[in-house]
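Heads up: the sequence lines are chains A and B, in that order.
Counting with this note's numbering, you get residues 2 to 209 for the letters of the first sequence.
Counting with this note's numbering, you get residues 2 to 209 for the letters of the second sequence.
First comes the structure, then the notes that go with it.
There are 2 protein chains.
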Amino acid sequence: MDTFSDRRAVRRQGTTAEILAAAVELMVHDGVAGMSLSAVARRVGMKPPSLYEYFPSKVAIYDALFARGARELHDAVHWAGSNPDVAGDPLAALREGARAYVRWSMTNPVVAQLLNWRPVPGFAPSDAAYAPNLEMIAETRTVIAAAVEGGLLDPSAATEEAVLLFTTVIAGVVSQQLANDPLAAPGDGRYARLLDPAVTLWLEHYKS
Amino acid sequence: MDTFSDRRAVRRQGTTAEILAAAVELMVHDGVAGMSLSAVARRVGMKPPSLYEYFPSKVAIYDALFARGARELHDAVHWAGSNPDVAGDPLAALREGARAYVRWSMTNPVVAQLLNWRPVPGFAPSDAAYAPNLEMIAETRTVIAAAVEGGLLDPSAATEEAVLLFTTVIAGVVSQQLANDPLAAPGDGRYARLLDPAVTLWLEHYKS
DNA sequence: GTCTATACGTAGATAGAC
DNA sequence: GTCTATCTACGTATAGAC
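This is the structure:
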């Protein structure tokens, strides 16, 4: 690649990011399903047809946001769970991962809605966009298994049901927070505060 | 009221119910936010302007559905919790109430979405429509308090946090079920199956 | 890569005849 | 209580000039 095409690629990536940012801002005001291409175009200073140079359709924008959001959320949880403070302590890793999940979701509420609920009628994420979610669940399972190996949790904690219950409890906190107290700051929130007690319920039940 | 106006009132109520039913059916196919008045009118065999005889605006239809749904959900939970099998057993009443909540939500998924999430940009329920929700939480609190009185639960179970945690766990199960396994029959469902274990987590933690 | 022009459809809501 | 006609606005998407 020569310098010219590099610059062109960088510029293109910048515009793409601008479009996605504008789409998110509009979803904040008009709802996730209420985003319109005309409004996005206005906000980035383009006419609607120009957007089709960057995304082939409206659902492609949703898919790009889903993909990026799933990747970011995965990374946030992954980072929290492999941070030096919790190295070698799987239970602390679970707690920190859960906290990171809630924190990220409150920082990115509209993308979190896109990930957790299905607010857009015609849209389902592509397999590629969905992949980081599966990866995140697999990693959670691995951490739980490590806790079982280390004698910290009962073997039943590594069953399908127990893992699903863990993720459901966390998703429940996020859902309630976003729906019923959406304006709270990350780290705050009437329902987000319930996360630690909720995780405690789970850990107590499955402790060995 | 004479016979004539009675009949007129009955007819009017019937039409109103028909319109609401059509709106719900359309939400099943097009998403909660995707319902349109034109489509509703087509389905009930009217032209769009005629709907304004029954509802002053589109959000009024959402509000009517919210009001009816909140009332029905309250009644279902209330009934389950005051059924003869569980009379005098507050813990069984809590379990049965939670089951009824999940069952109703799966039987009425689009209205459940309207109640649990906020899928429609311009719409917030009126106080009157929201009232049964508050009543339902108050009744849950009362049942928990009865369990504490009877020595079945620790006094900490009656705190604000504990009550909120109870409702959050149940709402979490419903949210996950509706978002990730929406086609399951009521009484079935990958996430709905987690309800009993989830309630058990809570009961165990707060037992005296 | 961005534009104008346009196709084609839809929306929510109101006026006023019947 | 229902209609026709209409307003006003918006939407996604494509064709084709520049």
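Beta carbons are placed, not taken as given, at the ideal position from N, Cα and C, and that holds for glycine.
Listed by chain order, chain A residues near residue i by CB distance under 7 angstroms
i	result
residue 31 of chain B	122
residue 98 of chain B	Going along chain A, no residue has its Cβ under 7 angstroms from residue 98 of chain B, so there is no contact; the nearest lies around 17 angstroms.
Listed by chain order, chain A residues near residue i by CB distance under 8 angstroms
i	result
residue 199 of chain B	166, 169, 170
residue 19 of chain B	Correct list: empty, because the minimum Cβ distance to chain A is about 23 angstroms.
residue 192 of chain B	165, 169
residue 35 of chain B	34, 122
Option in the options with minimal Cα separation from residue i
i	options	result
residue 166 of chain A	B:157, B:127, B:176, B:162	B:176
residue 143 of chain B	B:127, B:161, B:129	B:161
residue 178 of chain B	A:178, A:184, A:168	A:168
residue 103 of chain A	A:115, A:77, A:126	A:77
residue 96 of chain B	B:62, B:189, B:197, B:131	B:197
residue 163 of chain A	B:137, B:181, B:192, B:7	B:192
residue 126 of chain A	A:68, A:45, A:34, A:195	A:68
residue 55 of chain B	B:81, B:16, B:33	B:16
residue 98 of chain A	A:105, A:110, A:82, A:109	A:82
residue 154 of chain B	B:90, B:110, B:23, B:105	B:90
residue 63 of chain A	A:123, A:151, A:136	A:123
residue 156 of chain A	A:66, A:61, A:207, A:94	A:207
residue 47 of chain B	B:85, B:61, B:65, B:23	B:23
residue 87 of chain A	A:19, A:120, A:148	A:148
residue 137 of chain B	B:65, B:11, B:80	B:80
residue 19 of chain A	A:9, A:28, A:39, A:44	A:44
residue 141 of chain A	A:75, A:58, A:40, A:61	A:75
residue 29 of chain B	B:13, B:114, B:8	B:114
residue 181 of chain B	A:131, A:60, A:180	A:131
residue 129 of chain A	A:61, A:84, A:94, A:85	A:61
residue 194 of chain A	A:85, A:100, A:139	A:100
residue 200 of chain B	B:84, B:9, B:7, B:92	B:92
Residues that residue i bridges to, as DSSP identifies them
i	result
residue 154 of chain A	A:208
Presumed contact (8 angstroms Cβ cut-off) between residue i and residue j, rounded CB distance
i	j	result
residue 118 of chain A	residue 170 of chain A	Not a contact, Cβ separation roughly 17 angstroms.
residue 70 of chain B	residue 116 of chain B	6 angstroms
residue 174 of chain A	residue 111 of chain A	Contact flag wrong, Cβ pair sits at about 18 angstroms.
residue 52 of chain A	residue 42 of chain A	6 angstroms
residue 108 of chain A	residue 187 of chain A	5 angstroms
residue 72 of chain A	residue 133 of chain A	5 angstroms
residue 159 of chain B	residue 146 of chain B	5 angstroms
residue 49 of chain A	residue 39 of chain A	5 angstroms
residue 65 of chain A	residue 21 of chain A	6 angstroms
residue 209 of chain B	residue 152 of chain B	6 angstroms
Neighbour list for residue i in chain B, Cβ cutoff strictly below 9 angstroms
i	result
residue 105 of chain A	Those do not exist, as residue 105 of chain A stays about 17 angstroms from chain B at its closest Cβ, beyond 9 angstroms.
Listed by chain order, chain A residues near residue i by CB distance under 9 angstroms
i	result
residue 84 of chain B	Within 9 angstroms Cβ-Cβ: nothing; residue 84 of chain B doesn't reach chain A, min ~26 angstroms.
residue 205 of chain B	202, 205, 206
residue 162 of chain B	194, 195, 198
residue 173 of chain B	169, 170, 171, 172, 173, 174, 175, 176, 177, 199
residue 188 of chain B	None at all; the shortest Cβ gap to chain A is about 17 angstroms.
Closer than 8 angstroms at the beta carbon, the chain B residues around residue i
i	result
residue 117 of chain A	176, 180
Any non-hydrogen atom of the ligand FMN closer than 7 angstroms to residue i Cβ
i	result
residue 157 of chain B	Of the ligands one can find in the structure shown there are none, so the ligand FMN has no counterpart to examine.
Hey, is the region 30-49 of chain B in contact with the region 27-35 of chain A, meaning 3+ C-beta pairs nearer than 8 angstroms? yes
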